[in-house]
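Q: This is the structure, below, for whatever I ask next.
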Amino acid sequence: MDESVDFLISALENETRREILRSLVSDGSYAFQISRSLGISQQAINKQLSFLENARLIIYSGIVPSESGAPRKIYRPTGFSTVVIDYSRNFLDTRKIPLEFPESSGREDEGRANGDLIHDLKTVNGELENLMEKRTLLIQKKDSILEALNRRMSSQVQDRFSRAILEKYLQYLDEGVVASKLSIPENVVRYVVENYF
Numbered sequence: 155m156d157e158s159v160d161f162l163i164s165a166l167e168n169e170t171r172r173e174i175l176r177s178l179v180s181d182g183s184y185a186f187q188i189s190r191s192l193g194i195s196q197q198a199i200n201k202q203l204s205f206l207e208n209a210r211l212i213i214y215s216g217i218v219p220s221e222s223g224a225p226r227k228i229y230r231p232t233g234f235s236t237v238v239i240d241y242s243r244n245f246l247d248t249r250k251i252p253l254e255f256p257e258s259s260g261r262e263d264e265g266r267a268n269g270d271l272i273h274d275l276k277t278v279n280g281e282l283e284n285l286m287e288k289r290t291l292l293i294q295k296k297d298s299i300l301e302a303l304n305r306r307m308s309s310q311v312q313d314r315f316s317r318a319i320l321e322k323y324l325q326y327l328d329e330g331v332v333a334s335k336l337s338i339p340e341n342v343v344r345y346v347v348e349n350y351f
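In terms of this note's numbering, the sequence shown opens at residue 155 and continues consecutively.
Set out below in structure tokens:
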């Protein structure tokens, strides 16, 4: 999961790649067409398409004939997800949550009036904003709890080995994951966690 988040963040940090993805979301396209619509050289677009393909954010989905040369590869977006990054005083957490869309997705709204769809879109956006506000309050609470635990650990835990275990435990709250991350036996992690927490 960490590697897949890294790929996604690397892909999205570049404005040209974001613009390419935006253009492909509405319709599959090929390098020359994307180059013309974005006003960027085809060579630069090809380089970015290759990067996006390696990051599994787009796939080659066919070809169209060209009057001026070789057939052109059509690309379409794939690997849809939500990325959550929490960067706080006491923790950093990154998650990539895949988004799955059934084949029938969107078809149930085809017969509805545009005004109704816009109303629903505003409603969903409002609900998402409310969730983000609640989430922000929970992140602040989590940060406060971690600050208290970190302060106590600073004064109570002297040896570096135990401290490394406890810091990882606070990150994952799972003894098995901590043991795997630090390449140590799980019973050692359990002993340190039970001793201090």
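The C-beta atom is built at its ideal place from N, Cα and C for all residues, glycine as well.
Roughly how many whole angstroms lie between the Cα atoms of residue 276 and residue 295?
A: 29 Å
Q: Classify residue 238 as buried or exposed, calling it buried when 16 or more other Cβ atoms lie within 10 Å of its own Cβ.
A: exposed
Q: Among the candidates 347, 310, 269, 297, whose CA atom is the shortest distance from the CA of residue 319?
A: 347
Q: Please state whether DSSP places residue 242 in a helix, a strand or coil.
A: coil
Q: Which value, in whole angstroms, describes the spacing of the CA atoms of residue 166 and residue 160?
A: Cα-Cα distance, rounded: 10 Å.
Q: Could you compute how far the alpha carbon of residue 261 sits from the alpha carbon of residue 280?
A: 23 Å
Q: Where does the unbroken beta strand (DSSP E) through residue 230 begin, and where does it stop?
A: It spans 223-231 - the beta strand (DSSP E) in which residue 230 sits, taken as one unbroken run.
Q: Exposed or buried, residue 251, counting other C-beta atoms within 10 Å across all chains shown (16 or more means buried)?
A: exposed
Q: Which residue from 242, 267, 268 puts its Cα closest to that of residue 293?
A: 242
Q: Helix, strand or coil: how does DSSP classify residue 218 here?
A: strand
Q: Given 8 Å as the limit, is there contact between the region 192-200 and the region 220-240, that is, 3 or more CB pairs closer than that?
A: no
Q: Could you check whether the region 264-278 touches the region 318-333, counting it as contact only if at least three pairs of C-beta atoms, one from each stretch, sit closer than 8 Å?
A: With fewer than three CB-CB distances shorter than 8 Å, the region 264-278 does not count as touching the region 318-333.
Q: Using 8 Å for Cβ pairs, my map puts residue 192 next to residue 177. What's the rounded Cβ distance?
A: Contact check for residue 192 and residue 177: beta-carbon distance about 7 Å, within the 8 Å limit, so the pair qualifies.
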